[in-house]
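Written below as structure tokens is the structure these notes are about.
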Amino acid sequence: MTTIPQSALDLLASHGVAPAPIPTLRPRRLRSTPAMRALVSQHRIDPAKLILPVFVREDISEPQAISAMPGVYQHTLDSLRREAVACAEAGVGSIDLFGVPAVRDEVGSQAWASEGILNQGIAAVREEVGDAVVVCADTCLDEFTSHGHCGLLDERGGVDNDATLPLYQAMAVSQAEAGAHMVSPSGMMDGQVAAIRQALDASGHADVAILAYSAKYASAYFGPFREAVGSTLKGDRRTYQQDPANRREGLYEALLDAAEGADMVMVKPAGPYLDVLSDVAAASDIPVAAYQVSGEFAMVEAAAANGWIDRERVILESVLGIFRAGADTVLTYWAREIAQMLR
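Everything in the sequence shown is counted per this note's numbering, starting at 1035 for the first residue and increasing by one.
Here is the structure:
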């Protein structure tokens, strides 16, 4: 046993304090070596449980770097194909595609156009990797509308929930026809899951899954994403995305989506909303996803670039924390890098 400094013993004696007894319970035994720690690890990151968000942009000839998200790019169709192959080879479970069109209009008509950039991207990835990676598509109008909102605007400039639902249906059907295994409604319109499920089933795409953005908060952490999709948004989305102050509402929204036919539900952002994620995971009978969003990614990259943190350890710890809170799958911009780290 290490010798205890006499000065410490003397100080304790002067106050009538006996030295601490030898402990009989020793949890440290199970932390003694890397092999022992691995043997009793309660949670692990599995690359097959990761989803990589990817941006495909129209009218570019080479990938474009996103300044607020170091290492993330707007892809061409060719570079998207290469990214999909790299993900399959690394063992990443899924790719979630976002489209960046050259032309936008008030209704977002390129969202369901068969030759629109997102549907071209879906077809390209599916052709390249087949079923080796789950091909998921973002099912929302915000990247395609000239005003940047997630749905049609009414005469007062508000988002018209009910008029937007048929457009989500058209978008989901077009994505299924392009080859998506899974569609992902992210607009937070009431009734969106039921509407999309009905449209997919009626159009012969009953096997296409729905990953619902169920508890999506009106978060400041989405900032860098605006650059990634070239957002034209003015104002905010607080009338349809959730208030960050509300915890129980996240669970309520997730249970509604499950009842409407969602195959998976999602909490977004992940890190700042681990309490909501834990609530949803505890109550959900279907898989739960969480999205580690652009702001979470950018902050880690910025701190690492300044030498303030151990980048790789923080990346892994941040994602492990999301799984520990109850996620079955995690969307993260580090998905492929994490898969390669774990190799």
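Heads up, the beta-carbon is just placed ideally off N, CA and C, and yes, glycines get one too.
Only counting the same chain, and skipping five residues up and downstream in sequence, which positions put a Cβ closer than 7 Å to that of Ser1318?
Here residue 1318 corresponds to residue number 284 of the sequence shown, with the count starting at 1. Excluding positions up to five away in sequence, the list reads Ala1288, Ala1292 and Val1299.
How many angstroms separate the CA atom of Asp1188 from the CA atom of Lys1083?
Numbered from its first residue, the sequence shown carries residue 1188 at position 154. Numbered from its first residue, the sequence shown carries residue 1083 at position 49. If you take the alpha carbons of Asp1188 and Lys1083, they lie about 40 Å apart.
Rounded Cβ spacing between Ser1237 and Val1193 (contact assumed at less than 8 Å):
Sequence index remark: in the sequence shown, residue 1237 carries index 203 (1-based). Sequence index remark: in the sequence shown, residue 1193 carries index 159 (1-based). With 8 Å as the limit, Ser1237 and Val1193 do not qualify as a contact, their Cβ atoms being about 25 Å apart.
Could you give the DSSP three-state label for Asp1188: helix, strand or coil?
Start at 1 with the first residue of the sequence shown, and residue 1188 comes out as number 154. Coil.
Could you give the C-beta distance for Gly1213 and Arg1160, rounded to a whole number, given that I count them as a contact under 8 Å?
What you label residue 1213 is simply residue 179 of the sequence shown in a count that begins at 1. What you label residue 1160 is simply residue 126 of the sequence shown in a count that begins at 1. The distance from the Cβ of Gly1213 to that of Arg1160 is about 3 Å, consistent with a contact at the 8 Å cut-off.
Residues bridged to Gly1050 [DSSP beta-bridge criterion]:
Your numbering for residue 1050 matches position 16 in the sequence shown. Paired residues: none, contrary to the question.
Counting pairs of beta carbons, one from the region 1300–1309 and one from the region 1248–1259, are three or more of them closer than 8 Å?
yes
Assign Ile1056 to one of two classes, buried (16 or more other C-beta atoms within 10 Å of its C-beta) or exposed (fewer than that).
Here residue 1056 is taken as the residue at index 22 of the sequence shown, counted from 1. Ile1056 sits exposed, since fewer than 16 C-beta atoms from the chains shown fall within 10 Å of its C-beta.
Between the CA atoms of Leu1267 and Asn1088 - distance to the nearest angstrom:
Taking the sequence shown and counting its residues from 1, the one referred to as residue 1088 is at position 54. Taking the sequence shown and counting its residues from 1, the one referred to as residue 1267 is at position 233. Residue 1088 is actually Val in this sequence, not Asn. Here the alpha carbon of Val1088 sits roughly 20 Å from the alpha carbon of Leu1267.
Exposure label - Val1327; buried when at least 16 CB within 10 Å
Position 293 of the sequence shown, counted from the first residue, corresponds to residue 1327. Burial call: buried.
Indicate whether the contact test is met: 3 or more Cβ pairs, each with one atom in the region 1279–1286 and one in the region 1310–1317, closer than 8 Å.
yes
My assumption, with CB atoms under 8 Å, is that Leu1350 sits in contact with Met1375. Please give the rounded CB distance.
If you number the sequence shown from 1, residue 1350 lands on position 316. If you number the sequence shown from 1, residue 1375 lands on position 341. Rounded, the Cβ-Cβ distance is 7 Å, consistent with contact.
8 Å CB neighbourhood of Phe1132 in its chain, flanking five on each side removed:
Counting from one through the sequence shown, the residue named residue 1132 turns up at place 98. Listed in chain order, the non-local C-beta contacts of Phe1132 below 8 Å within the same chain comprise Pro1087, Val1088, Phe1089, Val1090, Leu1152, Asp1172, Glu1177, Ala1262 and Val1263, local neighbours out to five positions each way being set aside.
Under 8 Å Cβ to Cβ from Val1119, same chain only, skipping five residues before and after it: list those, please.
The residue you call residue 1119 lines up with position 85 of the sequence shown. So the list reads Glu1162 and Val1163, once near-sequence residues are dropped.
Can you tell me whether Pro1061 is helix, strand or coil according to DSSP?
By 1-based counting over the sequence shown, the position of residue 1061 is 27. Helix at Pro1061.
Which residues does DSSP pair with Cys1170 in a beta bridge?
In the sequence shown, counting from the first residue as 1, residue 1170 sits at position 136. DSSP, once it has assigned bridges, lists Asp1130 and Met1216 as partnering Cys1170.
Under 8 Å by Cβ, that's how I've got Met1216 and Tyr1274 pegged, so tell me the actual separation to the nearest angstrom.
Your numbering for residue 1216 matches position 182 in the sequence shown. Your numbering for residue 1274 matches position 240 in the sequence shown. That belief does not hold up - the Cβ atoms of Met1216 and Tyr1274 are roughly 22 Å apart, past 8 Å.
Backbone secondary structure at Arg1347 - three-state DSSP:
Here the question's residue 1347 lines up with position 313 in the sequence shown. The answer is helix: DSSP assigns Arg1347 an H, G or I state.
Within 8 Å, strictly: CB atoms of Gly1295 and Arg1231:
Position 261 of the sequence shown holds residue 1295. Position 197 of the sequence shown holds residue 1231. Yes, they are a contact pair.
How many whole angstroms separate the CB atoms of Ala1125 and Ala1373, which I take to be in contact at a CB cut-off of 8 Å?
Walking along the sequence shown from the start, residue 1125 turns up at place 91. Walking along the sequence shown from the start, residue 1373 turns up at place 339. At residue 1125 the sequence reads Gly, which differs from the Ala that was named. 5 Å between Cβ atoms; contact.
If we ignore side chains and look at the alpha-carbon of each, how far apart do Val1227 and Leu1245 end up?
Taking the sequence shown and counting its residues from 1, one reaches residue 1227 at position 193. Taking the sequence shown and counting its residues from 1, one reaches residue 1245 at position 211. If I take the Cα positions, the gap works out to 9 Å.
Taking buried to mean at least 16 other C-beta atoms within 10 Å of its own C-beta, is Ala1336 buried or exposed?
As a working note, residue 1336 is residue 302 in the sequence shown. So Ala1336 ends up on the exposed side.
Thinking just about the alpha-carbon of each residue, which of Ala1069, Asp1093, Arg1190 and Gly1329 is nearest to the one in Leu1111?
On the sequence shown, residue 1111 is found 77 positions in, with the first residue counted as 1. For the residues Ala1069, Asp1093, Arg1190 and Gly1329, the minimum Cα distance to Leu1111 belongs to Asp1093.
Helix, strand or coil: which one does DSSP assign to Ile1056?
The residue labelled residue 1056 in the question sits at position 22 within the sequence shown. Judged by DSSP in its simplified three-state form, Ile1056 adopts coil rather than helix or strand.
Which residue's Cα is closest to the Cα of Asp1130: Ala1157, Ala1147, Ala1229 and Gly1105?
As a first step, residue 1130 must be located in the sequence shown, where it is residue number 96. The option with the nearest alpha carbon to Asp1130 is Ala1157.
If you scan the region 1079–1140 from start to end, which runs of the alpha helix (DSSP H) of 4 or more residues do you find wholly inside it?
List check, alpha helix (DSSP H) in window: 1111–1124.
Report the partner residues of Ala1249 according to the DSSP bridge assignment.
As a first step, residue 1249 must be located in the sequence shown, where it is residue number 215. According to DSSP, Ala1249 bridges with Val1301.
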